[in-house]
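To keep things clear, I will list the structure first and then write my remarks on it.
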Amino acid sequence: MTDLILSSAQNRAAEIRTRMKRFKLIFIQCGAAFDILREPLLGALGGTVLNAADFAGTSSPVELPTGPVILDGIEAFAHDGKAGGVTLGALRAKVNKLRDIDAEICLVSRMPKISFAPVAGSSLLDDASWHCLPLLEPHERPEELRHIPASSLPSVGLGRQSDLNLLLRTALEELGVNVLTDLDFAVFEANHGASFITEVEPGVAEAMRGAGLAYIVDGALRFNSPGPFWQFKNAVADVIATIVGPQADLPAVSEGLWQIERTIRRLLREAAIRDAGAQWRKNLFNETIAQLVLERARNDVNVTAWNVSELRDPIEWLTLGELLQVVESAKFKGLSWDGALWRRFRQDVMPIRNRVSHLRLLKKRDRATVRMWVNRITTTLS
Numbered sequence: 007m008t009d010l011i012l013s014s015a016q017n018r019a020a021e022i023r024t025r026m027k028r029f030k031l032i033f034i035q036c037g038a039a040f041d042i043l044r045e046p047l048l049g050a051l052g053g054t055v056l057n058a059a060d061f062a063g064t065s066s067p068v069e070l071p072t073g074p075v076i077l078d079g080i081e082a083f084a085h086d087g088k089a090g091g092v093t094l095g096a097l098r099a100k101v102n103k104l105r106d107i108d109a110e111i112c113l114v115s116r117m118p119k120i121s122f123a124p125v126a127g128s129s130l131l132d133d134a135s136w137h138c139l140p141l142l143e144p145h146e147r148p149e150e151l152r153h154i155p156a157s158s159l160p161s162v163g164l165g166r167q168s169d170l171n172l173l174l175r176t177a178l179e180e181l182g183v184n185v186l187t188d189l190d191f192a193v194f195e196a197n198h199g200a201s202f203i204t205e206v207e208p209g210v211a212e213a214m215r216g217a218g219l220a221y222i223v224d225g226a227l228r229f230n231s232p233g234p235f236w237q238f239k240n241a242v243a244d245v246i247a248t249i250v251g252p253q254a255d256l257p258a259v260s261e262g263l264w265q266i267e268r269t270i271r272r273l274l275r276e277a278a279i280r281d282a283g284a285q286w287r288k289n290l291f292n293e294t295i296a297q298l299v300l301e302r303a304r305n306d307v308n309v310t311a312w313n314v315s316e317l318r319d320p321i322e323w324l325t326l327g328e329l330l331q332v333v334e335s336a337k338f339k340g341l342s343w344d345g346a347l348w349r350r351f352r353q354d355v356m357p358i359r360n361r362v363s364h365l366r367l368l369k370k371r372d373r374a375t376v377r378m379w380v381n382r383i384t385t386t387l388s
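So the sequence shown is numbered by the working numbering: it starts at 7 and just counts up by one.
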């Protein structure tokens with residue numbers, strides 16, 4: 007381990023100790039860009055380093071330590087608030103006992119605060135003051151590397167990490183799905199270019215700073231990429247493509263969409279029966295939609311059906327777009343909603359429905375948006 011590594015770790019440890027004295031409980035993000043400093047940094051804090059999940063799971067009484075308590079591996083709780091059979095709430099309870107005896111505590115995570123799933127009754131991360139590990143100053147790097155922009159990242163400037171694409175991908179993976187979906191919008195959908203960093207929400211900006219991919223200069227937020235912007239953009243695309251597990255919000259979003267569509271279809275069926283009685287199936291659609299519905303049904307389960315009147319429920323074979331077209335037709339007049347409400351529904355819900363249908367990543371507010379429309383439909387649509 008070089009003198010530069012030790013010196014850089016000690017300088018950052020001194021800043022962290024100062025923050026702990028002031029706030030008692032702090033949170034630091036120490037991921038791929040800072041790996042070379044991780045071990046000497048935690049050692050230089052002069053306290054007791056514990057695995058967070060192990061600490062939360064122990065039944066031993068909490069005693070006042072001789073120095074600060076460093077709880078490493080906090081990211082294990084990020085996905086659903088559980089790690090190794092214990093919960094983030096259990097960790098909070100143990101941490102609060104330390105705080106009651108005036109201990110200084112540092113939470114160390116590879117993932118940012120924004121990527122932790124919300125846990126009812128646990129505000130541990132909210133309670134912790136966020137501290138950003140600074141990038142390397144020119145004098146902290148070997149002289150021969152100071153001209154390389156990426157050398158401001160400790161893993162490059164001190165660790166001599168030459169595979170910048172691997173470093174980028176690892177850093178982005180550690181940011182988590184919530185940040186990646188925001189980056190997807192800012193970089194690809196909104197196409198902000200390298201100035202995207204000024205457009206993202208504060209939690210994402212904090213996450214990027216914690217990962218070493220952004221910094222503050224003269225009071226302004228700046229993007230800090232190890233390479234050209236196209237390399238960063240490609241890395242975002244590559245990492246998003248590797249995500250194959252379902253997001254935590256997917257069950258709730260899917261259930262909400264199911265409830266929304268099934269409710270609309272039920273209400274349309276009831277309106278059609280009121281309008282045409284036993285002939286409701288025959289009088290439901292125009293000829294074009296009727297042919298599409300019949301073709302789908304015959305290609306699936308109703309092979310012998312020759313017209314929509316023979317289908318149990320022709321409405322079930324409509325796409326969402328076709329369903330809304332029928333609902334808003336002159337015959338049904340939007341049921342009890344006007345055109346403005348249905349337009350807003352299309353704007354809000356159909357993009358989420360498409361994301362689920364095409365297995366794209368959900369966005370941060372999709373769950374809240376779906377719940378809002380579930381409430382509106384179940385209470386005001388008739």
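Beta carbons: idealized from backbone N, C-alpha and C, even for Gly.
Burial state of residue i (16 or more Cβ within 10 Å)
i      : result
Trp312 : exposed
Trp343 : buried
Trp379 : buried
Arg268 : exposed
Asp224 : exposed
Asn305 : exposed
Ser168 : exposed
Thr294 : exposed
Asp255 : buried
Ala109 : buried
Leu181 : buried
Gln297 : exposed
Pro74  : buried
Ala213 : buried
Ala392 : There is simply no residue 392 to check, as the chain begins at 7 and stops at 388 in what is shown.
Gln253 : buried
Ser363 : exposed
The beta strand (DSSP E) enclosing residue i, as first and last residue numbers
i      : result
Asp78  : Val75 to Asp78
Phe33  : Leu31 to Gln35
Asn57  : Thr54 to Asn57
Leu113 : Ile111 to Ser115
Leu227 : Ala226 to Phe229
Beta-carbon contacts of residue i that lie in its chain and below 6 Å, excluding the five residues immediately before and after
i      : result
Leu113 : Phe33, Leu77, Ile80 and Ala134
Leu189 : Val242
Val162 : Ala156
Phe235 : Ala200
Arg116 : Gly37, Glu81 and Glu180
Ile203 : Ala220, Leu227 and Phe229
Trp136 : Phe33
Ala282 : Asn289
Alpha helix (DSSP H) segment containing residue i, residue limits
i      : result
Ser135 : Note, Ser135: premise wrong, no alpha helix (DSSP H); beta strand (DSSP E) at Ser135 to His137.
Ser161 : Pro160 to Gly163
Asp220 : Before going further, note that residue 220 is Ala rather than Asp in the sequence given. It is not in any alpha helix (DSSP H) - Ala220 instead sits in the beta strand (DSSP E) that spans Ala220 to Val223.
Pro71  : Unbroken run through Pro71: none, as it is neither H nor E.
Pro140 : It is not in any alpha helix (DSSP H) - Pro140 carries neither H nor E in the DSSP assignment.
Ser363 : Gly345 to Ser363
Thr269 : Leu256 to Ala282
Lys100 : Leu94 to Asp106
Asp306 : Glu293 to Asp306
Ala213 : Pro208 to Gly216
Asn381 : Asp372 to Thr386
Trp286 : Trp286 -> no alpha helix (DSSP H), and no H or E assigned at all.
Rounded distance between the beta-carbons of residue j and residue i, thought under 8 Å
i      : j      : result
Ser14  : Pro148 : So it is not a contact: roughly 12 Å between Cβ atoms.
Ala89  : Ala82  : 4 Å
Gly95  : Val125 : 6 Å
Gly209 : Lys119 : 7 Å
Leu205 : His198 : Reading off the sequence, residue 205 comes out as Glu, not Leu. Confirmed, Cβ separation roughly 5 Å.
CB of residue i within 8 Å of CB of residue j, strictly
i      : j      : result
Pro140 : Arg152 : no
Pro232 : Leu170 : yes
Glu334 : Trp348 : yes
Ala177 : Ala217 : yes
Arg280 : Asp319 : no
Leu414 : Arg28  : Outside the shown range of the chain (7 to 388) lies residue 414, about which nothing can therefore be said.
Ala84  : Phe40  : no
Leu227 : Arg105 : no
Asn184 : Lys370 : yes
Leu47  : Val55  : no
Leu10  : Leu173 : no
Arg350 : Leu330 : no
Arg18  : Leu43  : yes
Beta-carbon proximity list for residue i, same chain, < 8 Å, skipping 5 on both sides
i      : result
Leu326 : Glu267, Met356 and Arg359
Leu317 : Arg287, Val299, Leu300, Ala303, Asn308, Ala311 and Trp323
Gly262 : Arg373, Val376, Arg377, Trp379 and Val380
Leu186 : Leu178, Val242, Val245, Ile246, Ile249 and Leu367
Gly63  : Gly90, Gly91, Val92 and Ala96
Gln237 : Leu170, Asn171, Leu174 and Ser231
Leu387 : Thr269, Ile270, Leu273, Leu341, Ser342 and Trp343
Neighbourhood of residue i by C-beta, 7 Å cutoff - its chain only, sequence neighbours within 5 removed
i      : result
Ala278 : Trp286 and Leu290
Cys138 : Arg215 and Gly216
beta-carbon residue i near the ligand MN non-hydrogen atom, thresh 7 Å
i      : result
Pro155 : Absent from the structure shown: the ligand MN. Ligands present: none.
CB contact check: residue i to chain C, cutoff 8 Å
i      : result
Ala254 : In summary, chain C is missing from the structure at hand, where a single protein chain is found.
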